[in-house]
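Participant: Pasting a structure below so you can have a look.
Residue numbers (the working numbering): 142 to 270.
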């Protein structure tokens, strides 16, 4: 019986198995690298979105602070006028103060917000503070 023939067959199978294992390992590392790259892209996009959201949050907070500060200042002036008109009995000033107060209260503070957001989406728009 020829002993070399089974040994030769065994070596050929070992080489084939080793080659298959090596090919699978290479495929695994390629896939792993591709998936790692995808994860890094996702993390980068996430970081950019978080930064954009934080920037938008700051702009919105500034907008609301200014918008309501304007309303507050106007209301304070009209209430001062109201108190003076009541003390002096001046009906024209009283009517002006009440009309102004009602006008501010009835106005929706977010009425120009849609335009503000549209302007903020325009890269050439400059916000004046």
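Note that beta-carbon positions come from the ideal geometry of N, C-alpha and C, so glycine has one too.
1. If you run the structure through DSSP and keep just helix, strand and coil, what is residue 236?
2. In this structure, how does DSSP classify residue 217 when only helix, strand and coil are distinguished?
3. Could you give the DSSP three-state label for residue 267: helix, strand or coil?
4. Using a Cβ-Cβ cutoff of less than 8 Å, which residues in the same chain neighbour residue 245 once the five nearest sequence positions on both sides are dropped?
5. Secondary structure at residue 252, three-state DSSP: helix, strand or coil?
6. Is the stretch 178–192 in contact with the stretch 229–244, if contact means three or more CB pairs nearer than 8 Å?
7. Measure the beta-carbon distance from residue 250 to residue 209 and round it to whole angstroms, keeping in mind my assumption that it falls under 8 Å.
8. Give me the Cα-Cα distance between residue 241 and residue 224, rounded to the nearest whole angstrom.
9. Grab me the residues of residue 222's own chain with a C-beta within less than 7 Å of its C-beta, minus the 5 sequence neighbours each way, in chain order.
10. Considering only their Cβ atoms, is the gap separating residue 200 from residue 261 smaller than 8 Å?
Facilitator: Reading from the atomic positions:
1. Mapped onto the chain shown, residue 236 falls at position 95. Looking at residue 236 - three-state DSSP - the assignment turns out to be helix.
2. Taking the chain shown and counting its residues from 1, one reaches residue 217 at position 76. In this structure, residue 217 counts as helix in the three-state DSSP scheme.
3. By one-based count along the chain shown, residue 267 stands at place 126. Coil.
4. Taking the first residue of the chain shown as 1, we reach residue 245 at position 104. Excluding residues within five positions, the ones whose Cβ falls inside 8 Å are 212, 215, 216, 219.
5. Taking the chain shown and counting its residues from 1, one reaches residue 252 at position 111. Note: residue 252 maps to coil in three-state DSSP.
6. no
7. Numbered from 1 along the chain shown, position 109 holds the residue referred to as residue 250. Numbered from 1 along the chain shown, position 68 holds the residue referred to as residue 209. Residue 250 to residue 209, Cβ: 7 Å. Contact.
8. Along the chain shown, one-based indexing puts residue 241 at 100. Along the chain shown, one-based indexing puts residue 224 at 83. Their backbone Cα atoms lie some 14 Å apart in a straight line.
9. In the chain shown, residue 222 corresponds to position 81, counting from 1. Answer for residue 222: 234, 237, 238, listed in chain order.
10. Position 120 of the chain shown, counting from 1, holds the residue named residue 261. Position 59 of the chain shown, counting from 1, holds the residue named residue 200. Against a cut-off of 8 Å, the Cβ pair of residue 200 and residue 261 comes out as a contact.
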